[in-house]
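See below for the structure under consideration.
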Amino acid sequence: MCDDPARDAHGVQGRVRFDLYHSNNYTACLRYYNDGMVRTPLTPEERERGERLGRLLREARGPRSMVEIAAVAGLSPETLRKIETGRAPTPAFFTVAALAGALGLSMDEVAAACSPLPA
Numbered sequence: 001m002c003d004d005p006a007r008d009a010h011g012v013q014g015r016v017r018f019d020l021y022h023s024n025n026y027t028a029c030l031r032y033y034n035d036g037m038v039r040t041p042l043t044p045e046e047r048e049r050g051e052r053l054g055r056l057l058r059e060a061r062g063p064r065s066m067v068e069i070a071a072v073a074g075l076s077p078e079t080l081r082k083i084e085t086g087r088a089p090t091p092a093f094f095t096v097a098a099l100a101g102a103l104g105l106s107m108d109e110v111a112a113a114c115s116p117l118p119a
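Quick note on numbering: UniProt numbering labels position 16 of the sequence shown as 16, and the sequence is numbered without any gaps.
Rendered as structure tokens:
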């Protein structure tokens, strides 16, 4: 096993480990760990915001296919499906911007639809 301090692809300092393991009798595989990059669980509010974003995008898409909109936005249909269903509740800014452009939505409309609900 190799265990060296390093930076991952995003520049996060952490302990990077590689170890060799056997996935079956014939194949050896390399596992990569970065102990410095841990994603915290999403709050219920963040999940709800992601669901609202997904509903907005689905409604704006209307009868157009997922494949068509994903191609215009430069995404895979699977990524669009995950966002629309809430399985990817926190997509990157540029992903949201590309989808908004493909659907004719302004970023103000997206922000208004996804802002926190009043208590």
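Beta carbons: idealized from backbone N, C-alpha and C, even for Gly. All of these numbers come straight from a predicted model, not from anything done at the bench.
DSSP places Pro77 in the helix class (H, G or I) of the three-state scheme.
Counting only residues of its own chain and dropping the five nearest sequence neighbours on each side, Ser76 has a CB closer than 7 Å to the CB of Ala70. Relative to Gly50, the option among Thr90, Met66, Ala113, Pro118 whose CA is nearest is Thr90.
Under the criterion of beta carbons closer than 8 Å, Ala73 and Lys82 do not qualify as touching, at roughly 13 Å. Around the beta carbon of Ala111, fewer than 16 other beta carbons sit within 10 angstroms, so the residue counts as exposed. Taking 8 Å as the cut-off, the Cβ atoms of Met107 and Ala113 do not count as close.
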